[in-house]
Amino acid sequence: MPTPRGFTYEHQSDGTVTITHHGRAAGTLRGARAERFLAEVTSGDPQLVMARWTGNYKRGNERTARDHPRNRH
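Taken in order, the sequence shown gives residues 71 to 143; the numbers are from our numbering.
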């Protein structure tokens, strides 16, 4: 499985965490969820953690879907 890339996060002064993927908003966390995210992102692989928290991680079927005849351009 390829390593996720392109994720960044911004921790704002009010405790809100905004996660972006290639410059587009992918998720916003507040309160206890934001605190848990910050603890996890500093202890593990940040890209993988952000991908998991936003749900934007590879599931293994992308190549199959890309190769399907109706998806070819």
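Here a beta-carbon is modelled for each residue, glycine too, at the ideal position from N, C-alpha and C.
Here the structure is a predicted model, which means the values were calculated and not measured.
Query                                                                                                                 : Result
Compare the C-alpha of E80 against each of M120, P139, G125, N141 and name the closest.                               : M120
Could you check where the alpha helix (DSSP H) with T73 kicks off and where it finishes?                              : Counting along the chain, T73 falls outside any alpha helix (DSSP H), and DSSP gives it neither H nor E.
What does the Cβ neighbour count give for A96, buried or exposed, with the cut at 16 atoms within 10 Å?               : buried
Would you tell me roughly how many angstroms separate the C-alpha atoms of W123 and F107, rounded to the nearest one? : 8 Å
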